[in-house]
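So the sequence lines, in the order shown, correspond to chains Y and P.
Here the first sequence stands for residues 1 to 352, numbered as in my numbering.
Here the second sequence stands for residues 1001 to 1320, numbered as in my numbering.
We treat Cβ as the ideally placed atom computed from N, Cα and C, and that holds for glycine.
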Amino acid sequence: MKAKTILMLGAMLAGLGAVGSAANAAEISGAGATFPYPIYAKWAEAYKAKTGVSMNYQSIGSGGGIQQIKKKTVNFGASDAPLKPAELDEAGLTQFPMIMGGIVPVVNLPGVKPGEMKLTGPVLADIFLGKVAKWNDPAIAKLNPSVKLPDQAIAVVHRSDGSGTTYNFADYLAKVSPEWKDKVGVNTSVEWPVGLGGKGNEGVSAVTSQTAGSIGYVEYAYALQNKMTYALMGNKEGNFVAPNAASFQSAAANADWKGTPGYALLLTDQPGKDSWPITASSFILVYKKQDDVATAKAVLDFFAWSYANGAKMAEELDYVPMPAKVVSLVEETWKNEIKGADGKPIWTGPSS
Amino acid sequence: MADIALKGADSGARQHTLDVVFRGATWFFAVFVLLILTGVIVSLVAGALPALQHFGWGFITSSDWNPVTEKFGALPAIYGTLVTSGIAMLIGIPVAFGIAIFITELCPPWLKRPIGTLIELLAAIPSIIYGIWGLFVFAPVLQSTLQPLLINTLGNLPWIGSLFGGPPLGIGIMTAGLILGIMVLPFITSVMRDVFETVPTVLKESAYGIGATTWEVVWNIVLPTTRVGVIGGIMLGLGRALGETMAVTFVIGNAHRIQSSLMAPGTTISATLANEFTEAVGDLYLSSLVALGLVLSVITLLVLTAAKLMLLRLQQQAGR
């Protein structure tokens, strides 16, 4: 978090300094999700240094991003949850996944170290439903024969603010638990049956680390930087995997992007024996039919450059870059779907 | 001679123009406030209308808050807002009263200024700092000290026991109320101190002269003379407590439930707005959040009206 904050400040300062000098260079603007903001800001800074094109991103939240792109006040929108194909068509938008992260269940049980606790989707859902209410419940004990489980109530900690993290987490629970799907459902915030709400990742992590016997969920970068006790998750193939870049990438690589219109796909509960089951991607929204060809091309050039050159920066901030397979699919979509007023594709390949 | 007369007439005309301009400007500013207020109210009502039409009175009486099924009710947020502010007043008023009395009546002169400044500095701390401090420092301390104590003592009593039940979570309605109590202190204290200082020394000294104790002077002379100002200060603090957002959001636990225990997590109107506005997708959801804002404005308005009425009645009684 600290590193991210410093980077964000750095990016903002760099942006301020650049205002005067780059009056002539193109400027592109976007708004939306807060989760990918640090990496977009970092990419923008590096891209600006290289090409002189500045990208101004306002991290106002996915809901705000969707509204702003619909009102055409920005060149692109960003959302943590994909729009449904029908909604995309209605607005004339297309979307593509840009960056990934993982969501990690974290526990606070004295004596339990990171990676020692094993959980499966259905058990996790029952904990968050309040059905599994004690740590020594047989459902947890069966998965963890080697862990000493206390006779202690489980304190569930969730996000209190609306967030893409909650959307993806709830989506995972709905996929593995019919009861969650019926009773709670999926949204950026939901009616939690039990538990305490913390504001933001920092809130959840603070409450979790202060409350013995608690369980919460945070973004991977957060769990890593705060050295929180993450749990291993059983995935679709029944393997227990640890949250890391490889297991997130596996989920993205095994997902059926090709067969999903509008890439309206959540990376939760994906196949693959190494796949982390609660992976999430963040999406970019742009118009299919562009009036201002030059700006639209600048936007796509920026994202193409970020796909090609941004992986290392993403990993430094504990994000996970999209696999090459997905990138080439997305670039194909750009060629086929995003067109100027004359019907010609705007982006035909990486500019030199 | 003629020159001077001319000059005088000239500057007189200029002053007249300046006067007109000045009067116009002040008029404009005064009306401008009204315009802004009307604009805010109109847009709040317009924004809230879809939700209010959809849910009717159920919006106030229902305790559902489910963004998935788009069923929204404001009751838990209203409850949390009133209860946290109530706790804040319960803590804030006596402490502020004590401080103000100490400063004006009992304090050695050299200590007056430092204490007064320190209290006012409390008001200068941004509310987000109170929130972070509350979450990382105050809540863990409460969780390991005050809360277990209350649960083991008051929690066993009949009737009020359920108010102090449940596990000590550290964060919750009570913690939010206590933080609010600290936050409203400087407002109530400085108003009380200022009005206490306006009490004529003659009155107090006559009372002391006939053998009254400090307490008797405060209760029979100072308070009755200043009650309008005191109530004004309390209302100022209450207004702040009702609307406080950031500090509360951090420590209240943000659960849309009404639970009997004061240790349990809850939510307030402003905390709900701060939490959910950014990611609220869907017209009914957004409209319900705006409607919550409207409810908060109405509550504040009611509180202010009640205060005014109370003052009127007090003044009438005093006149008799």
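So, with DSSP's three-state summary, where would you put Y/Thr94? Numbered from its first residue, the first sequence carries residue 94 of chain Y at position 94. If DSSP states are grouped into helix, strand and coil, Y/Thr94 belongs with the strands.
Any contact of the stretch 223-239 of chain Y with the stretch 266-277 of chain Y, i.e. 3+ C-beta pairs under 8 Å? With a cut-off of 8 Å, the stretch 266-277 of chain Y and the stretch 223-239 of chain Y count as touching, because enough Cβ pairs lie within range.
Does the structure place the stretch 203-220 of chain Y close enough to the stretch 147-160 of chain Y that three or more beta carbon pairs sit under 8 Å? Yes, the stretch 147-160 of chain Y is in contact with the stretch 203-220 of chain Y.
Tell me, please, which residues DSSP counts as bridged to Y/Asn108. Reading the first sequence from its first residue, position 108 is the one you call residue 108 of chain Y. Bridge partners of Y/Asn108: Y/Ser214.
Quick one: which chain P residues come within Cβ less than 8 Å of Y/Asp137? Taking the first residue of the first sequence as 1, we reach residue 137 of chain Y at position 137. Going along chain P, no residue has its Cβ under 8 Å from Y/Asp137, so there is no contact; the nearest lies around 17 Å.
Which complete beta strand (DSSP E) runs does the stretch 18-71 of chain Y hold, if anything under 3 residues is left out? Restricting attention to beta strand (DSSP E) runs no shorter than 3 residues, the stretch 18-71 of chain Y encloses them at 27-32 and 54-58, ordered along the chain.
Start and end residues, alpha helix (DSSP H) containing P/Tyr1130: Taking the first residue of the second sequence as position 1, residue 1130 of chain P is located at position 130. Segment Ser1127 to Trp1133, the alpha helix (DSSP H) holding P/Tyr1130.
Pairwise C-alpha distance: P/Phe1097 and P/Met1192: In the second sequence, residue 1192 of chain P corresponds to position 192, counting from 1. In the second sequence, residue 1097 of chain P corresponds to position 97, counting from 1. So the two alpha carbons sit approximately 7 Å from each other.
Taking DSSP as the reference, what is the three-state secondary structure of P/Trp1065? On the second sequence, residue 1065 of chain P is found 65 positions in, with the first residue counted as 1. Residue state, collapsed to three classes: strand.
Own chain partners of P/Thr1245 with C-beta closer than 6 Å, once the 5 adjacent residues on each side are dropped: Within the second sequence, residue 1245 of chain P is the residue found at index 245, counting from 1. Sequence-distant partners of P/Thr1245 (beyond 5 residues in either direction) whose C-beta falls short of 6 Å from its own C-beta, in its chain, are Ser1270 and Ala1274.
Report the neighbours of P/Thr1268 on chain Y: residues whose CB is nearer than 9 Å to its CB, in chain order. Counted from its first residue, the second sequence places residue 1268 of chain P at position 268. Within chain Y, no residue comes near P/Thr1268; the closest Cβ sits about 12 Å away, beyond 9 Å.
Just how far apart, CA to CA, sit Y/Ala46 and P/Leu1236? The count along the first sequence starts at 1 and reaches residue 46 of chain Y at position 46. The count along the second sequence starts at 1 and reaches residue 1236 of chain P at position 236. Rounded to the nearest angstrom, the two C-alpha atoms are 50 Å apart.
Does the beta carbon of Y/Pro345 sit closer than 9 Å to a beta carbon anywhere in chain P? For this step, residue 345 of chain Y is matched to residue 345 along the first sequence. Output row for Y/Pro345: interface = no.
May I ask you to check if the CB of P/Leu1284 is nearer than 8 Å to at least one heavy atom of the ligand MG? Absence of the ligand MG is noted for the structure shown, with no ligands found whatsoever.
Quick one: does Y/Ser177 have its CB under 9 Å from some CB of chain P? By 1-based counting over the first sequence, the position of residue 177 of chain Y is 177. It does not; no Cβ of chain P falls within 9 Å.
Does any C-beta atom of chain Y lie closer than 9 Å to the C-beta of P/Asn1275? In the second sequence, residue 1275 of chain P corresponds to position 275, counting from 1. So yes, P/Asn1275 belongs to the interface.
Along chain B, which residues have their Cβ under 7 Å away from the Cβ of P/Ala1088? Annotation note: the requested chain B is absent from the structure, which comprises protein chains Y and P.
Using beta carbons (cut-off 9 Å, strictly below), is P/Ala1100 in contact with chain Y? If you number the second sequence from 1, residue 1100 of chain P lands on position 100. With its beta carbon at least 9 Å from every one in chain Y, P/Ala1100 lies outside the interface.
Short check: CB of P/Leu1090 to CB of P/Gly1166, under 9 Å? Position 90 of the second sequence holds residue 1090 of chain P. Position 166 of the second sequence holds residue 1166 of chain P. In this structure, P/Gly1166 does not lie closer than 9 Å to P/Leu1090 by Cβ.
Span of the beta strand (DSSP E) holding Y/Gly197? Against the first sequence, residue 197 of chain Y aligns to sequence position 197. For Y/Gly197, the uninterrupted beta strand (DSSP E) segment begins and ends at Leu196 to Gly198.
Does the separation of the CB atoms of P/Thr1069 and Y/Gly197 fall below 9 Å? As a working mapping, residue 1069 of chain P is identified with position 69 in the second sequence. As a working mapping, residue 197 of chain Y is identified with position 197 in the first sequence. If you check the CB distance, P/Thr1069 and Y/Gly197 do not come in under 9 Å.
So what does DSSP say about P/Gly1098, is it helix, strand or coil? Position 98 of the second sequence, counting from 1, holds the residue named residue 1098 of chain P. In the structure shown, P/Gly1098 sits in a helix (DSSP, three-state: H, G or I).
Within the stretch 99-181 of chain Y, note down every full alpha helix (DSSP H) run reaching 4 residues or more, in order along the chain. Listed in chain order, they are 121-129, 138-143 and 164-176.
Measure from the C-beta of Y/Val184 to each C-beta in chain P and report whether the shortest distance is under 9 Å. Indexing the first sequence from 1 puts residue 184 of chain Y at position 184. At a cut-off of 9 Å between C-beta atoms, Y/Val184 counts as an interface residue with respect to chain P.
Could you please give me the residues that DSSP links to P/Ile1173 through a beta bridge? Within the second sequence, numbered from 1, the residue matching residue 1173 of chain P stands at position 173. The beta-bridge partner set that DSSP reports for P/Ile1173 is empty.
Taking contact to mean 3 or more Cβ pairs, one atom from each stretch, closer than 8 Å, check whether the stretch 99-106 of chain Y and the stretch 242-253 of chain Y are in contact. With three or more CB-CB distances shorter than 8 Å, the stretch 99-106 of chain Y counts as touching the stretch 242-253 of chain Y.
Touching by the beta-carbon criterion (3+ pairs, under 8 Å), the stretch 1051-1071 of chain P and the stretch 1282-1299 of chain P: In this structure the stretch 1051-1071 of chain P touches the stretch 1282-1299 of chain P; the number of beta carbon pairs closer than 8 Å is three or more.
On the three-state DSSP scale, how would you describe Y/Ala81? The residue you call residue 81 of chain Y lines up with position 81 of the first sequence. Coil, per DSSP.
Y/Ala44 and Y/Ile69 - do their beta-carbons sit closer together than 9 Å? Taking the first residue of the first sequence as position 1, residue 69 of chain Y is located at position 69. Taking the first residue of the first sequence as position 1, residue 44 of chain Y is located at position 44. No, the Cβ-Cβ distance between Y/Ile69 and Y/Ala44 is not below 9 Å.
So what's P/Val1031 in DSSP terms, helix, strand or just coil? As a working note, residue 1031 of chain P is residue 31 in the second sequence. In the structure shown, the three-state DSSP call for P/Val1031 is helix.
Proximity winner among P/Met1183, P/Trp1159 and P/Tyr1079, relative to P/Ile1128 (alpha-carbon distances): For the purposes of this step, residue 1128 of chain P is taken as residue 128 along the second sequence, with counting starting at 1. Here the closest residue by C-alpha is P/Met1183.
Given 8 Å, three or more beta-carbon pairs between the stretch 198-206 of chain Y and the stretch 1076-1089 of chain P: No, they do not touch.
Quick check: what's the CA-CA separation for Y/Leu83 versus Y/Ala133? Taking the first residue of the first sequence as position 1, residue 83 of chain Y is located at position 83. Taking the first residue of the first sequence as position 1, residue 133 of chain Y is located at position 133. Spanning the two alpha carbons is a distance of roughly 35 Å.
Where does Y/Leu232 fall in DSSP's three states? For the purposes of this step, residue 232 of chain Y is taken as residue 232 along the first sequence, with counting starting at 1. Correct three-state label for Y/Leu232: strand.
Using a C-beta to C-beta distance shorter than 9 Å, which residues of chain P count as neighbours of Y/Gly63? Here residue 63 of chain Y is taken as the residue at index 63 of the first sequence, counted from 1. Result: Phe1277, Thr1278, Glu1279, Ala1280, Val1281, Gly1282, Tyr1285 and Leu1286.
Excluding the 5 residues flanking P/Arg1257 on each side, which residues of the same chain have their C-beta closer than 8 Å to its C-beta? Taking the second sequence and counting its residues from 1, one reaches residue 1257 of chain P at position 257. Ser1063, Pro1076, Ala1264, Pro1265 and Gly1266, listed in sequence order.
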